[in-house]
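Take a look at the structure below.
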Amino acid sequence: MTAPCLVVGAGPTGLGCAAELAAARPVELIDRIPVPGGEAGWSTPAITALADDTRRRGVRFRLGNTALRWEPGRLLIAGPGKIEWIPGERLFYAGGLRPATAADLHITGDRPAGVLPATVARHLLTAQNRLWRRLAVIGDGPWAGQVAAHARVGGSTIIAITPGCDPPDWADEAMTQATQITITGRDRVQAVRACTKLQWAETACDGVVLAASPRPNRNITGALADDSPGVTFIQPLAAASIIERSEIGRSAARSWIAANRGTG
Amino acid sequence: MFKYCIYSDHLNKNMDRVYSDHSAAGRGRIVTAGPRKQVDSVAGQPQFDVVIAGGGVLGAAVAARLSRTSARVALVEAETDLAEGASKGNAGVAVSYYGAPGTQQTQLINASNPGWETLTGRLDVPFRRLGGLMVALDADEEQRLRETLEEVHACGVRAELLTARQVRDTEPLVSGHAVAGLLLPDDGIIDPMRLTIAYARLAAANGVAIRLGERILGIEHDGDHSAVITSRSRLTTRFVVNAAGVEADRISALAGGETLRTWPRKGQYVVLDRAFGEKLTKIVFSTHTPQTKGSNVVPTTHGSVLLGPTALDIADSGDRATDPETVAWILDNARRLVPATADAYIMKTFAANRPAGDEPHRLRTDARQPRLLHVTDRSAGVSISPAAAELALTLLRAAGLDARDRDGALDALPPVPRLRTSPDPAALAAADSLYGQVVCACEHVTAAEINAALAGPVAATSADGVRKRTGAAYGRCQGSLCLAGISFLTAMSTGTGPASVRQTARGTVGS
Numbered sequence: 000m001t002a003p004c005l006v007v008g009a010g011p012t013g014l015g016c017a018a019e020l021a022a023a024r025p026v027e028l029i030d031r032i033p034v035p036g037g038e039a040g041w042s043t044p045a046i047t048a049l050a051d052d053t054r055r056r057g058v059r060f061r062l063g064n065t066a067l068r069w070e071p072g073r074l075l076i077a078g079p080g081k082i083e084w085i086p087g088e089r090l091f092y093a094g095g096l097r098p099a100t101a102a103d104l105h106i107t108g109d110r111p112a113g114v115l116p117a118t119v120a121r122h123l124l125t126a127q128n129r130l131w132r133r134l135a136v137i138g139d140g141p142w143a144g145q146v147a148a149h150a151r152v153g154g155s156t157i158i159a160i161t162p163g164c165d166p167p168d169w170a171d172e173a174m175t176q177a178t179q180i181t182i183t184g185r186d187r188v189q190a191v192r193a194c195t196k197l198q199w200a201e202t203a204c205d206g207v208v209l210a211a212s213p214r215p216n217r218n219i220t221g222a223l224a225d226d227s228p229g230v231t232f233i234q235p236l237a238a239a240s241i242i243e244r245s246e247i248g249r250s251a252a253r254s255w256i257a258a259n260r261g262t263g
Numbered sequence: 000m001f002k003y004c005i006y007s008d009h010l011n012k013n014m015d016r017v018y019s020d021h022s023a024a025g026r027g028r029i030v031t032a033g034p035r036k037q038v039d040s041v042a043g044q045p046q047f048d049v050v051i052a053g054g055g056v057l058g059a060a061v062a063a064r065l066s067r068t069s070a071r072v073a074l075v076e077a078e079t080d081l082a083e084g085a086s087k088g089n090a091g092v093a094v095s096y097y098g099a100p101g102t103q104q105t106q107l108i109n110a111s112n113p114g115w116e117t118l119t120g121r122l123d124v125p126f127r128r129l130g131g132l133m134v135a136l137d138a139d140e141e142q143r144l145r146e147t148l149e150e151v152h153a154c155g156v157r158a159e160l161l162t163a164r165q166v167r168d169t170e171p172l173v174s175g176h177a178v179a180g181l182l183l184p185d186d187g188i189i190d191p192m193r194l195t196i197a198y199a200r201l202a203a204a205n206g207v208a209i210r211l212g213e214r215i216l217g218i219e220h221d222g223d224h225s226a227v228i229t230s231r232s233r234l235t236t237r238f239v240v241n242a243a244g245v246e247a248d249r250i251s252a253l254a255g256g257e258t259l260r261t262w263p264r265k266g267q268y269v270v271l272d273r274a275f276g277e278k279l280t281k282i283v284f285s286t287h288t289p290q291t292k293g294s295n296v297v298p299t300t301h302g303s304v305l306l307g308p309t310a311l312d313i314a315d316s317g318d319r320a321t322d323p324e325t326v327a328w329i330l331d332n333a334r335r336l337v338p339a340t341a342d343a344y345i346m347k348t349f350a351a352n353r354p355a356g357d358e359p360h361r362l363r364t365d366a367r368q369p370r371l372l373h374v375t376d377r378s379a380g381v382s383i384s385p386a387a388a389e390l391a392l393t394l395l396r397a398a399g400l401d402a403r404d405r406d407g408a409l410d411a412l413p414p415v416p417r418l419r420t421s422p423d424p425a426a427l428a429a430a431d432s433l434y435g436q437v438v439c440a441c442e443h444v445t446a447a448e449i450n451a452a453l454a455g456p457v458a459a460t461s462a463d464g465v466r467k468r469t470g471a472a473y474g475r476c477q478g479s480l481c482l483a484g485i486s487f488l489t490a491m492s493t494g495t496g497p498a499s500v501r502q503t504a505r506g507t508v509g510s
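From first to last, the protein sequence lines are chains A and B.
Letter 181 of the first sequence, counting from 1, is numbered 180 in numbering that gives the first Met the number 0, and no numbers are missing.
Letter 115 of the second sequence, counting from 1, is numbered 114 in numbering that gives the first Met the number 0, and no numbers are missing.
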């Protein structure tokens with residue numbers, strides 16, 4: 000009996016990949032969140048339709064399970080009440096994106112409270128929390144506009160720190176000139192300073208959200224590097240619709256099936 | 000999404016009597032445990048025999064040692080958590096050699112070093128005796144390495160001079176320009192925050208009052224007693240231990256002790272991802288110069304790699320800012336020692352201050368106040384801590400402290416299994432279903448581990464406190480996936496909300 004193909008990530012990319020793989024192999028789809036959709040959310044019609052289609056094709060959903068360690072041939076997953084190794088012919092990793100960290104952005108200065116990744120800020124803000132009065136949003140990645148919109152509902156003034164970009168339409172104020180960003184604040188964050196070779200400008204704030212250039216999430220031991228054995232990474236960086244992302248997943252699956260026809 | 004059971008009953012039954020009191024002000028916190036000793040002031044009797052000023056590794060180590068005696072002890076820390084100064088911001092090396100032979104510091108390192116496996120086993124603290132490799136990159140450095148070898152041997156410490164070939168056989172990642180190396184096989188890596196917190200947890204379990212978020216504002220003397228006046232209370236005591244690190248001068252002045260000179264020495268660090276850390280098998284040190292021990296390449300017990308520290312004497316101990324020039328220097332220096340660091344993913348940069356002074360190591364009774372004991376060390380606090388605590392007890396006894404070792408005092412903490420390093424993960428979830436709930440996906444930290452950090456004596460009260468105790472959010476995504484969940488669990492445990500929960504020991508998520 001052939002070990003199944005394992006797809007980690009039940010967002011649009013992973014759903015598309017799993018659906019397409021199911022034509023050639025048994026497939027298991029794993030996600031740490033107990034619903035499909037990933038960053039796209041579980042309730043949009045496009046996701047519901049994708050998930051239904053993927054299920055109809057015989058893909059086994061293992062939602063609410065976090066993938067931990069990959070060794071060619073098996074994957075360690077942790078779910079409610081159970082941690083187990085499951086067999087897998089190949090790992091297709093569609094673990095999505097995360098915002099760039101302070102280190103990714105070469106931000107220096109203090110490391111005070113009140114500086115949060117955009118994914119975390121969005122999570123807190125969507126629960127109707129009023130967190131900040133003047134929020135500096137660093138970067139114009141896919142989360143920036145959502146975070147700004149939610150924070151504005153809570154009464155925040157939004158300052159965009161978006162070097163090299165036009166002032167984004169989601170901001171009340173913008174600092175678009177910076178080669179170096181510095182954060183200041185001993186207890187909580189107090190200001191963001193944007194420096195160029197010629198000048199610097201500073202804006203006071205009581206919250207900072209890191210929302211710049213998305214990076215691929217990688218967190219499975221044995222599946223961190225691009226050349227990890229037995230792993231196909233499918234993590235498109237460019238912004239795209241749900242359908243486009245699922246097509247990228249399908250395309251990766253088709254390529255692999257074509258290259259591995261006759262095996263398995 | 001975050002339906003975690005908050006109070007995992009993970010701590011050993013020995014800690015059943017532990018309680019913690021979140022103050023109405025929400026800042027100060029007093030933790031103590033049974034068997035409760037007398038804490039109320041009886042007429043003419045002080046509440047405590049010893050008040051320890053400072054919750055870094057040395058203050059906590061002294062508290063742990065004293066807790067196994069009949070002495071009544073309080074530890075007072077201005078920050079809302081332990082290990083918020085140099086004990087948080089250091090490279091996490093338990094050195095076998097640091098400086099000249101014949102000094103008290105060297106004696107304490109020698110006395111501490113052989114016992115790390117036993118001690119860290121008892122206290123559930125990550126430790127690995129990887130060995131250190133000091134690298135010479137030119138003839139001058141090779142000459143200094145030979146001088147260092149003589150000093151190491153004079154200290155009674157094992158070391159071996161390696162040829163260029165042997166250096167690369169020992170650690171293939173070291174630069175091909177290395178001309179010689181000095182292997183220090185007894186050096187180890189340790190988690191300095193877990194060590195500090197474990198010392199404090201043991202102390203609390205044995206009845207020491209750990210008073211967090213209380214700043215010492217005055218010390219008054221009355222006959223053979225003293226009163227330590229804090230931002231929250233007045234603690235009467237016979238002895239004061241000054242383990243206040245960079246604030247040791249202030250505490251000594253408040254106590255009417257000697258005029259000490261201490262100042263912050265800022266060190267900046269760069270942290271590299273575990274994908275690189277998995278390849279590095281030795282601590283790689285720069286050759287020492289007469290001025291500095293240099294910036295190093297150090298594997299951590301989390302699997303990451305620390306580059307640093309730099310050393311800059313400053314005036315303001317609140318200054319923990321990094322700057323781009325220094326970060327660039329650290330990276331350049333690391334590349335000279337270990338070229339592959341250039342390709343490693345950088346997870347974060349940070350700065351911390353160690354307590355410099357005209358007396359970098361100070362473990363002695365004050366010359367003016369015989370009931371004041373100084374216990375500070377600029378750079379080797381972790382490495383001397385076990386023996387320093389023993390010596391502090393000896394000196395306090397010599398000064399008149401009645402502290403008999405107690406039968407039945409705890410000398411170990413119940414271990415909290417860690418999913419990331421577990422050889423049998425399936426068994427963990429079978430024993431406690433919360434091990435199946437992975438909160439931090441990068442570092443594989445579970446709800447069971449986080450609940451253990453949020454419970455018991457010296458529990459975490461901030462997301463950072465959880466991070467220090469579990470490693471959650473230490474990884475490459477720096478909390479992008481897990482910080483909401485950790486904040487939620489912390490808020491539940493501390494009775495705060497999404498905005499008022501502490502992100503760090505000092506500040507909240509919202510304003």
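Cβ coordinates follow ideal geometry from the N, Cα and C atoms, glycine included.
Check: Residues sharing a beta bridge with His360/B, DSSP; Outcome: Asp376/B
Check: Same chain only: Cβ atoms within 7 Å of Val457/B, ignoring 5 sequence neighbours per side; Outcome: Val30, Leu81, Ile196, Ala199, Arg200, Ala203 and Ile209
Check: Of the listed residues Met174/A, Ser212/A and Val207/A, nearest to Cys194/A (C-alpha basis); Outcome: Met174/A
Check: Nearest-angstrom Cα separation, counted from Ala239/A out to Ala23/A; Outcome: 27 Å
Check: Beta-ladder partner(s) of Lys81/A, from DSSP; Outcome: Gly78/A
Check: Classification of Lys265/B by the beta-carbon crowding that lies within 10 angstroms, buried from 16 upward; Outcome: buried
Check: Under 9 Å between C-beta atoms of Ala402/B and Ser69/B; Outcome: yes
Check: Rounded Cβ spacing between Asp48/B and Arg71/B (contact assumed at less than 8 Å); Outcome: 5 Å
Check: Proximity test, Cβ basis, 9 Å: Lys196/A and chain B; Outcome: no
Check: DSSP three-state assignment for Ala257/A, whether helix, strand or coil; Outcome: helix
Check: Minimum C-alpha distance to Ala177/B - residue among Ser382/B, Gly302/B and Phe284/B; Outcome: Phe284/B
Check: Beta carbon proximity, Val326/B to chain A, threshold 9 Å; Outcome: yes
Check: Enclosing beta strand (DSSP E) for Tyr268/B [first to last residue]; Outcome: Thr261 to Leu271
Check: Enclosing alpha helix (DSSP H) for Cys16/A [first to last residue]; Outcome: Pro11 to Leu20
Check: Beta-carbon spacing of Gly91/B, Val296/B below 9 Å; Outcome: no
Check: Under 9 Å (Cβ pairs) to chain B, residues found in the stretch 201-216 of chain A; Outcome: Asp205, Gly206, Leu209, Arg214 and Asn216
Check: Where the stretch 479-508 of chain B meets chain A: residues whose CB sits under 8 Å from a CB there; Outcome: Ser479, Leu480, Leu482, Ala483, Ser486, Gly496, Pro497, Ala498, Arg501, Gln502, Thr503, Arg505, Gly506, Thr507 and Val508
Check: Three or more C-beta pairs below 8 Å linking the stretch 47-61 of chain A and the stretch 200-217 of chain A; Outcome: no
Check: Counterpart residues of Thr236/B in DSSP-defined beta bridges; Outcome: Phe47/B and Ser225/B
Check: Simplified DSSP state of Trp115/B, which is helix, strand or coil; Outcome: helix
Check: Where the stretch 80-104 of chain A meets chain B: residues whose CB sits under 9 Å from a CB there; Outcome: Gly80, Lys81, Ile82, Glu83, Trp84, Gly94, Arg97, Pro98, Thr100, Ala101, Ala102 and Asp103
Check: Three-way DSSP call (helix, strand, coil) for Ile215/B in this model; Outcome: strand
Check: Distance, Ile82/A Cα to Val438/B Cα; Outcome: 14 Å
Check: Start and end residues, beta strand (DSSP E) containing Gln165/B; Outcome: Not the beta strand (DSSP E): Gln165/B falls in the alpha helix (DSSP H), residues Ala163 to Thr169.
Check: Straight-line Cα distance separating Leu172/B from Leu279/B; Outcome: 7 Å
Check: Start and end residues, alpha helix (DSSP H) containing Gly548/B; Outcome: With chain B covering only 0 through 510, there is no way to say anything about residue 548/B.
Check: Close Cβ partners of Arg405/B (< 7 Å) along its chain, the five nearest in sequence each way excluded; Outcome: Arg67, Thr68 and Ser69
Check: Ser111/B and Pro184/B closer than 9 Å at C-beta; Outcome: no
Check: C-beta atoms of Asp315/B and Pro359/B nearer than 9 Å; Outcome: no
Check: Short CB-CB distance (under 9 Å) between Gly435/B and chain A; Outcome: yes
Check: Rounded separation between Ala379/B and Pro3/A - CA only; Outcome: 53 Å
Check: Interface residues of chain B facing Asp186/A [CB-CB closer than 7 Å]; Outcome: Arg505 and Gly506
Check: 9 Å Cβ cutoff, Asn218/A in contact with chain B; Outcome: yes
Check: Spatial distance of Gly94/A from Arg31/A (CA atoms); Outcome: 10 Å
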